[in-house]
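Residues 15 to 198, numbered by the working numbering, are exactly what the sequence shown covers, in order. All C-beta atoms in this analysis are idealised placements derived from N, C-alpha and C, irrespective of residue type, glycine included.
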Amino acid sequence: MTRTGVLSRTISLMITTFILNLPLLASGNSKLTAYEVLEEYGFPIGLLPKGVVGYELNSTTGAFEVYFNKTCTYSIDSYELKYKKTVSGVISMDELKSLKGISVKVWWFWFSIKEVVRDDDELEFNVGVATADFAVSKFDKCPSCGCGFDCVNSKLTNMEVEEEMKMKMKMKLEKMNGTMVSSS
15 MTRTGVLSRT
25 ISLMITTFIL
35 NLPLLASGNS
45 KLTAYEVLEE
55 YGFPIGLLPK
65 GVVGYELNST
75 TGAFEVYFNK
85 TCTYSIDSYE
95 LKYKKTVSGV
105 ISMDELKSLK
115 GISVKVWWFW
125 FSIKEVVRDD
135 DELEFNVGVA
145 TADFAVSKFD
155 KCPSCGCGFD
165 CVNSKLTNME
175 VEEEMKMKMK
185 MKLEKMNGTM
195 VSSS
């Protein structure tokens, strides 16, 4: 092969490589955060608690996985929510389906949240046997593990937590014995 042929092939290969990488250059090589991805699909960022350490998203199918360092639990209204270390599902515009890794405690029972659908200014959470609607604005900010959306007012001191646990234990004992236990 002549020098001209080799040079021509090299230039052709460089141009092809540049064209194939043009979309990456245009995006600035920046990956959106998991919270920004939620917004891209019409959801508020507060559907995920603070502490996401990574995620994977198949932009063709919408299949995703979101990763946390540890499980996360917090309360909203009268519900307790729990996020496992890995949350997965399928995302599309205004719909989160086939969810795994998020559960809600209603009374004494835990239910897996199966899907979340946005309908205008409402979010509908579906656990299979029931649904609950919340205003989208309730999720404008990301909750924190342990205290949810109100960390300032819900932070308890160790003494307050200990007193609350004693009170709950006392109530359980009273219920089991059917008698009143005197307070000290």
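Nearest candidate by alpha-carbon position, reference residue i, set the options
i    : options                : result
G103 : T85, I116, E94         : I116
G76  : D108, I127, L137       : D108
V150 : A48, E53, I127         : E53
L46  : G60, L71, G65, P63     : L71
L62  : D91, L95, T74          : L95
V130 : S112, Y93, V120, W124  : S112
S106 : V51, V118, C165        : V51
G142 : D135, K114, T74, C165  : K114
G56  : T145, D164, C165, D134 : D134
G65  : L110, C86, E138        : C86
K99  : I90, E79, D91          : E79
V120 : I90, R132, K155, V67   : I90
For residue i, the first and last residue of its enclosing beta strand (DSSP E)
i    : result
Y97  : 93-106
L52  : Element bounds for L52: not the beta strand (DSSP E) but the alpha helix (DSSP H), 48-54.
V14  : The first residue shown for the chain is 15 and the last is 198, placing residue 14 beyond what the model contains.
D133 : 129-133
W124 : 123-126
For residue i, the three-state DSSP class (helix, strand or coil)
i    : result
F153 : helix
L110 : strand
G160 : coil
V141 : coil
G60  : helix
S41  : Below a pLDDT of 50, predicted positions are generally treated as unreliable, and S41, at 42, falls in that range; the measurement from the model is reported next regardless. In the structure shown, S41 sits in coil (DSSP, three-state: anything other than H, G, I, E or B).
Start-to-end residues for the alpha helix (DSSP H) that takes in residue i
i   : result
Y88 : Y88 -> not in any alpha helix (DSSP H); beta strand (DSSP E) instead, spanning 86-90.
Proximity below 8 Å, CB of residue i to CB of residue j
i    : j    : result
P58  : F153 : yes
Y81  : Y97  : no
C159 : Y88  : yes
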